[in-house]
Each structure stands twice: as structure tokens, then as C-alpha cells.
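Have a look at the structure below before the remarks.
There are 2 protein chains.
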Amino acid sequence: MARAPNVHICEVAARDGLQNLDVFVPTEAKCELIDAIAAAGISEIDAGSFVPPKVVPQFADVDAVMAHAVQHKSATIGALVPNFKGAERAIAAGVGAIYFVISASESHNLANVRRTIEEQLEGFRAVRTALDALPIAGRPRLMGAIATAFGCSIEGQIKEAAVGRLARGFAEAGADEIGLADTVGYGTPGLIKDIVRVARDEIGSQIPLRLHLHDTLGMGLANAVAGLDVGIRRFDAAVSGLGGCPFAPGARGNVVTEDLVFMLERVGLSTGIDLDRLMQTREILARHIAPRHLTGHLHEAGIPKALRSAA
Amino acid sequence: MARAPNVHICEVAARDGLQNLDVFVPTEAKCELIDAIAAAGISEIDAGSFVPPKVVPQFADVDAVMAHAVQHKSATIGALVPNFKGAERAIAAGVGAIYFVISASESHNLANVRRTIEEQLEGFRAVRTALDALPIAGRPRLMGAIATAFGCSIEGQIKEAAVGRLARGFAEAGADEIGLADTVGYGTPGLIKDIVRVARDEIGSQIPLRLHLHDTLGMGLANAVAGLDVGIRRFDAAVSGLGGCPFAPGARGNVVTEDLVFMLERVGLSTGIDLDRLMQTREILARHIAPRHLTGHLHEAGIPKALRSAA
Numbered sequence: 001m002a003r004a005p006n007v008h009i010c011e012v013a014a015r016d017g018l019q020n021l022d023v024f025v026p027t028e029a030k031c032e033l034i035d036a037i038a039a040a041g042i043s044e045i046d047a048g049s050f051v052p053p054k055v056v057p058q059f060a061d062v063d064a065v066m067a068h069a070v071q072h073k074s075a076t077i078g079a080l081v082p083n084f085k086g087a088e089r090a091i092a093a094g095v096g097a098i099y100f101v102i103s104a105s106e107s108h109n110l111a112n113v114r115r116t117i118e119e120q121l122e123g124f125r126a127v128r129t130a131l132d133a134l135p136i137a138g139r140p141r142l143m144g145a146i147a148t149a150f151g152c153s154i155e156g157q158i159k160e161a162a163v164g165r166l167a168r169g170f171a172e173a174g175a176d177e178i179g180l181a182d183t184v185g186y187g188t189p190g191l192i193k194d195i196v197r198v199a200r201d202e203i204g205s206q207i208p209l210r211l212h213l214h215d216t217l218g219m220g221l222a223n224a225v226a227g228l229d230v231g232i233r234r235f236d237a238a239v240s241g242l243g244g245c246p247f248a249p250g251a252r253g254n255v256v257t258e259d260l261v262f263m264l265e266r267v268g269l270s271t272g273i274d275l276d277r278l279m280q281t282r283e284i285l286a287r288h289i290a291p292r293h294l295t296g297h298l299h300e301a302g303i304p305k306a307l308r309s310a311a
Numbered sequence: 312m313a314r315a316p317n318v319h320i321c322e323v324a325a326r327d328g329l330q331n332l333d334v335f336v337p338t339e340a341k342c343e344l345i346d347a348i349a350a351a352g353i354s355e356i357d358a359g360s361f362v363p364p365k366v367v368p369q370f371a372d373v374d375a376v377m378a379h380a381v382q383h384k385s386a387t388i389g390a391l392v393p394n395f396k397g398a399e400r401a402i403a404a405g406v407g408a409i410y411f412v413i414s415a416s417e418s419h420n421l422a423n424v425r426r427t428i429e430e431q432l433e434g435f436r437a438v439r440t441a442l443d444a445l446p447i448a449g450r451p452r453l454m455g456a457i458a459t460a461f462g463c464s465i466e467g468q469i470k471e472a473a474v475g476r477l478a479r480g481f482a483e484a485g486a487d488e489i490g491l492a493d494t495v496g497y498g499t500p501g502l503i504k505d506i507v508r509v510a511r512d513e514i515g516s517q518i519p520l521r522l523h524l525h526d527t528l529g530m531g532l533a534n535a536v537a538g539l540d541v542g543i544r545r546f547d548a549a550v551s552g553l554g555g556c557p558f559a560p561g562a563r564g565n566v567v568t569e570d571l572v573f574m575l576e577r578v579g580l581s582t583g584i585d586l587d588r589l590m591q592t593r594e595i596l597a598r599h600i601a602p603r604h605l606t607g608h609l610h611e612a613g614i615p616k617a618l619r620s621a622a
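Protein chains in written order, with the numbering used here: chain A, 1 to 311; chain B, 312 to 622.
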């Protein structure tokens with residue numbers, strides 16, 4: 001008997017997984033990937049980023065990809081945006097979720113979008129206002145995504161108060177959800193718990209919190225468990241662990257969706273995801289992306305037969 | 312200011328890391344590896360296994376390796392043994408620790424050593440008696456190592472009671488320490504906590520417990536954190552994540568010592584280990600072992616500069 005999912009996973013391979021790749025993945029392959037992700041039962045898909053093509057060439061075809069993706073009715077299709085203009089494009093594309101990103105690290109924010117955190121929050125407020133002018137039916141959900149929440153490749157450790165302040169800023173500006181992103185993967189289990197608690201204290205109990213983890217230093221799943229321990233039930237993840245920081249070429253990318261789903265189900269939680277179908281996304285990726293970018297313990301080891309029969 | 316170590320790490324690359332390899336690592340390279348491990352400040356080294364060469368050809372040179380290893384005075388040199396005869400050889404070699412292994416899975420035990428658990432415990436008791444006849448000075452420490460404590464490739468899940476019973480058997484037979492080994496890497500954080508608690512209840516508070524983790528399914532560090540949460544401060548680990556189950560060729564091996572040490576230090580614990588020197592063991596291994604066997608996030612990503620400066 002299928003259980004109702006009690007952990008929500010947003011698949012980010014088509015966005016975070018692709019954005020730093022040195023090859024352009026053809027539009028058809030991106031669409032095929034999104035289809036396969038939806039077919040595996042994933043209910044939210046980060047399908048691309050509305051940024052200028054000269055900044056991220058990978059998303060030069062984002063309009064075409066989104067036009068295909070939003071046809072899926074079983075999944076919320078989301079897009080990352082760095083500013084109001086990106087959000088306008090996302091709304092026009094008919095997405096169901098907008099992830100508006102601001103770094104907790106002032107230096108990272110300036111490097112990333114050439115604006116201060118406060119200037120970015122102005123943009124976020126403008127997006128909120130624009131969304132509120134739309135009819136409720138079909139209005140995209142708005143997430144405030146806090147990048148570098150657990151460390152920054154420029155500043156190193158980030159003060160808890162800086163994350164708390166930005167979380168409060170997002171909450172006061174009307175975020176429907178707040179994401180805490182370990183952009184470069186420096187988080188540790190203790191830090192995850194601390195920052196989640198700080199954010200929760202600032203925003204109250206009504207706004208959902210999501211964790212976005214990278215496996216740079218091997219602590220991706222350990223950090224997910226830390227998140228579970230402090231009540232997190234919403235995670236970003238990427239099939240085959242796609243993604244990773246361009247400044248650390250060999251580094252692992254996002255926490256691996258397959259490994260995360262397997263772990264969650266093994267500890268008695270339910271994701272609503274068909275793991276065998278999810279594993280099939282590997283074939284699509286392998287046709288276009290070099291093997292060194294494709295990771296995942298479950299892909300290496302296979303799903304152990306002894307655990308299948310025990311399940 | 313150096314802090315006194317509060318987590319104890321036993322390096323098992325020279326034993327568990329090598330035993331399933333398809334190449335024979337030359338005796339000199341094994342000795343060089345052990346020297347480098349000791350030089351990095353690791354205070355306990357599992358340096359080989361006293362088994363018949365026809366069973367594990369890798370250890371055909373175990374006497375020569377041990378004769379070299381036991382010259383190290385800064386580290387306890389240990390050996391794994393499957394029976395009384397192996398323990399006799401280990402004692403003759405002058406080791407400081409004997410790891411006597413019995414599987415919690417009856418099927419695995421029969422497949423591994425062709426004896427029942429109870430027959431194995433008889434052997435363990437004989438080793439205890441032999442050790443007690445030695446002078447206290449120089450008497451090796453005796454660990455009862457429980458293999459397949461968190462799952463078995465034959466039986467799948469293992470009953471908690473079976474692990475508890477074996478832990479009690481070891482304790483009653485005079486084990487100085489008891490090891491809980493996730494031999495095939497099926498453990499999950501919740502299971503780690505449950506089994507540690509069951510074992511602790513059976514053996515009382517005086518006998519130290521050690522965790523031996525494999526990273527087959529990517530949960531190695533998550534399981535280590537679970538162990539920390541229930542009071543474990545003694546871990547086995549292998550540099551470059553050497554090791555792994557011969558029945559899952561692509562599977563990851565032991566939890567990676569470098570990654571584990573980095574995580575422990577990042578969460579405020581102290582290992583007494585020099586991470587930079589530990590990382591240098593990679594070069595020794597790379598000369599003899601295929602790259603696909605050498606893993607580790609820290610080796611791929613490098614130690615982040617931003618975290619070094621923040622430390």
C-alpha cells in the first residue's frame with residue numbers, strides 16, 4: 001500500500017545541475033530529462049533559470065524548455081530568478097514556483113548579481129507586488145532562496161545573524177517559502193541544525209523551510225539527516241548528483257536525489273518517488289554529460305537485492 | 312594550541328582496504344602506507360589479517376608487514392583474526408590489538424569462517440584464556456568485532472536481538488572492546504542509533520564500543536554522525552575510502568578517513584590527526600591501485616581555502 005509522501009523533494013538537476021557544465025545540453029535532452037523526472041513521481045521540478053544567456057549560456061533556451069515543462073500537471077514547475085526582470089519572464093512562462101535568490105554573504109551577492117542584499121530585497125518585494133496583482137488561481141508560489149547560508153567561498157563562515165536577518169527580510173516581504181542553500185557545500189550537521197533553528201526563530205512556524213544541500217565535502221546526506229532532526233521535510237536534490245561549484249572542478253554537486261530518496265525511504269519516510277524510474281534518468285544524462293560529472297552511490301553499488309527483499 | 316584528541320580513529324586501509332583488491336600490493340608499499348599513516352598522527356592501525364594465504368592472497372606477506380609495523384611506538388598496531396590460530400600468529404607477531412571477528416548473521420558467519428556463531432565464540436574464549444596467560448605488560452587488547460551488525464548481503468536486515476546477543480557473548484567472554492561493523496554498508500542513521508543502544512544495554516557502560524562503517528550507499532558520514540549522537544567516540548575508517556564488498560564491484564569502501572577527520576574537526580571535535588599529511592597517503596596508494604578504488608570528497612574538492620582561513 002502506497003503511503004502518502006511525508007517528505008517533499010524538488011529536483012534541481014535541470015537547473016542547478018546544468019548551470020556550470022562546460023557543455024550545452026540540447027533543448028530536447030533537457031525536456032526529456034524533465035519528462036523522466038516527472039514520470040518518476042517527483043512533484044516539483046526546478047526546470048531552469050531566467051538569466052541573460054551571456055551570464056549562463058546553458059539557459060539560452062530556457063523559454064523553450066519551460067514551455068515544454070509547464071505542460072506537466074503532476075508536478076509544480078519552478079524557475080530560479082536573480083531579479084525582477086527574471087521573475088517577469090518566469091510569470092510569462094507560466095511557472096508554478098519562482099525561486100528568488102539572495103546570498104547571505106554580501107560579497108557573494110555582489111559578485112553574483114552586482115547588487116547589495118538590501119537592493120535585492122527591493123527586487124523581491126517588487127516581485128511579491130506583481131504576483132499579488134495576479135488572480136489567485138495560477139499565481140506562482142514565491143520562494144526566498146538564501147544562498148551561501150552555511151558558508152561562502154569568498155567569506156568562509158557566515159554569521160548566523162546574517163542568515164537570520166535575510167530570512168526575516170524574506171518573511172516580512174511575503175515569501176511563501178524560504179530556502180536555505182548550502183551553495184558551496186561547507187555545511188556540517190551541527191551548523192545545519194543551528195542555522196535552521198535561527199531561521200525558524202526569525203520567521204515563525206507558518207512559512208515552510210527548505211534545505212538545498214551540496215555534497216562537496218561528502219556531508220550531503222549527513223546534513224540532510226541533521227535537517228530531518230530539526231523538522232525539515234522539504235529538500236532540493238539533483239539526479240546523478242549533477243552540479244557543483246565551478247571553483248572546485250572535481251567537487252561533487254548537489255546532494256544525489258537517488259541516494260537521498262533511498263535513505264529517506266529506508267528510515268521509514270515516504271517520498272512518493274519511484275526509485276527505479278528515477279535511476280533511469282542516468283541514461284539521458286550520460287548521452288550528453290561526461291562521466292566525471294555523474295555521481296551517486298546507488299548508481300555505483302546498485303540497489304542491494306537483500307534490501308529489496310527485506311522491504 | 313593543539314587539543315587532546317576526543318575522538319579515536321583506527322585506520323583500516325592496510326587491512327580492510329586491501330583485502331578485496333584484485334592486485335597484490337607489494338610488501339614495501341604496505342609498509343610505506345603504514346609509516347605514512349603513523350606519521351599523520353593516527354594512533355591505531357589495523358595492519359593486516361592473519362588468515363591463510365589461499366583465502367586472502369593479499370595477506371600472504373602479513374608476517375613481514377607486521378614485523379615492520381610493530382616497530383611504530385606512537386600507534387597501536389592491530390590485526391584481524393578469524394580464529395584461534397590467527398590470534399596465535401598475531402600474538403607471536405607482537406601486535407597491540409587483536410580484532411576477533413564474528414558475524415551477527417549466522418549465514419554470513421558460516422560463509423565466512425565455516426563455523427556457527429557459538430563455535431566462533433568458543434574460539435574467542437580460547438583467545439581470551441591465552442592472552443590472560445601472558446604478562447600484563449605487552450598483552451594485546453582484545454576486540455570482539457561484530458560483522459554484519461547493520462545488515463547482511465545474504466540475510467538482509469539483521470535482528471537487533473541477534474546483535475545484542477553476540478555483544479553480550481563477547482562481553483561475557485572478556486572482550487576489552489566491542490566493534491559494531493556495517494560490513495556491507497546497509498546501515499542507516501536510525502538503525503545505527505538503535506543497534507548502538509541495544510549493544511550498550513547488553514554490555515553495560517564499561518566496555519568501549521567502536522563503529523566500523525562502509526560508504527556503500529553514501530551514508531557513511533551520516534551514520535558516523537548518528538554514532539556521535541549516541542556517544543560513540545571510536546571509529547574505523549580507511550584513507551581514500553579503500554575497501555568495499557567484492558559482490559558490488561563499483562561500491563564504495565570504508566568510510567573515508569580524510570572526510571571523516573575533516574567533518575569531526577569541523578564540528579568541534581579533535582582527532583589528533585594531521586589532515587595534510589594524511590592526504591599524502593593518496594600518492595602511495597595511487598602507485599599501486601586503480602583510480603576507481605580511490606575515493607574521497609576532500610581529495611576531489613581539496614580542503615577549501617575559505618575554511619582554512621576561517622579555522
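Using N, Cα and C, we set each Cβ at its ideal position, and we do this for glycine too.
Judged by DSSP in its simplified three-state form, His-383(B) adopts coil rather than helix or strand. Between the alpha carbons of Gly-555(B) and His-610(B) lies a gap of roughly 18 angstroms. With contacts defined by Cβ atoms closer than 8 angstroms, Glu-44(A) and His-8(A) form a contacting pair. For the stretch 436-467 of chain B, the set of positions with a beta-carbon nearer than 9 angstroms to some beta-carbon of chain A reads Gly-462, Cys-463, Ser-464, Ile-465, Glu-466 and Gly-467 in chain order. The Cβ of Ala-306(A) sits closer than 8 angstroms to at least one Cβ of chain B.
Under the Cβ criterion of 8 angstroms, Gly-407(B) is not counted among the residues facing chain A. Put simply, the backbone Cα of Ala-415(B) is about 16 angstroms away from that of Arg-508(B).
The DSSP-derived three-state label of Phe-335(B) is coil. Thr-494(B) is the residue among Thr-494(B), Thr-568(B) and Lys-396(B) whose C-alpha sits nearest the C-alpha of Asn-420(B). Between Ala-238(A) and Gly-41(A), the C-beta gap is not smaller than 8 angstroms, which leaves the two residues out of contact. For Val-81(A), the closest alpha carbon among the candidates Ile-117(A), Val-23(A) and Gly-144(A) is that of Gly-144(A). Annotated as proximal: Leu-166(A) and Ile-146(A), with beta-carbon spacing under 8 angstroms.
With a threshold of 16 other beta carbon atoms within 10 Å, Arg-266(A) meets it and is buried. Counting other Cβ atoms within 10 Å of its Cβ, Gln-19(A) reaches 16 or more and is therefore classed as buried. For Glu-122(A), the uninterrupted alpha helix (DSSP H) segment begins and ends at 117-132. Bounds of the beta strand (DSSP E) holding Phe-546(B) are 545-548. Within chain B, Pro-500, Met-530, Gly-531, Leu-532, Ala-533, Asn-534, Ala-535, Val-536, Ala-537 and Met-574 have C-beta atoms less than 9 angstroms from the C-beta of Ala-222(A), given in sequence order.
By the CB criterion at 8 angstroms, Leu-596(B) and Leu-605(B) fall inside the cutoff. Here Val-334(B) is exposed. Its C-beta has fewer than 16 other C-beta atoms within 10 Å.
Spatial neighbours of Arg-436(B) in its own chain (CB-CB distance under 6 angstroms, excluding positions within 5 residues in sequence) are listed in chain order as Ala-484.
Along the length of the stretch 341-389 of chain B, whole alpha helix (DSSP H) runs at least 4 residues long occupy 373-380, reported in chain order. Arg-252(A) and Asp-512(B) have their C-alpha atoms roughly 39 angstroms apart. Look at Thr-387(B): its C-beta is not under 8 angstroms from any C-beta on chain A. Restricting attention to Pro-368(B), Gly-389(B), Cys-463(B) and Leu-453(B), the CA atom closest to the CA of Val-336(B) is found in Pro-368(B).
Interface residue (Cβ-Cβ distance to chain B less than 8 angstroms): Thr-216(A) is classified as such.
The alpha-carbon separation between Asp-176(A) and Thr-76(A) amounts to approximately 14 angstroms. Neighbours of Tyr-410(B) in chain A, taken as residues at a C-beta separation under 8 angstroms, are lacking, since the least C-beta distance is about 24 angstroms. The alpha-carbon separation between Ala-111(A) and Glu-155(A) amounts to approximately 12 angstroms.
Chain B places a beta carbon closer than 8 angstroms to that of Arg-252(A), counting this residue as a contact.
DSSP places Glu-11(A) inside the beta strand (DSSP E), whose first and last residues are 8-11.
Interface flag for Glu-611(B) against chain A is set, since a Cβ pair is found closer than 8 angstroms. Burial is judged here by how many other beta carbons sit within 10 angstroms of a residue's own beta carbon; Gly-138(A) has fewer than 16 and is exposed. Beyond the five residues adjoining it in sequence on each side, Glu-160(A) comes within less than 8 angstroms, by CB distance, of Asp-194, Ile-195 and Val-198 in the same chain, given in chain order.
Taking CB atoms only, Val-198(A) has no neighbour in chain B less than 8 angstroms away. Ranked by how close their Cα comes to the Cα of Tyr-410(B), the residues Asp-374(B), Val-567(B), Leu-532(B) and Arg-439(B) have Arg-439(B) in first place. Secondary structure at Phe-150(A): coil, using DSSP grouped into helix, strand and coil.
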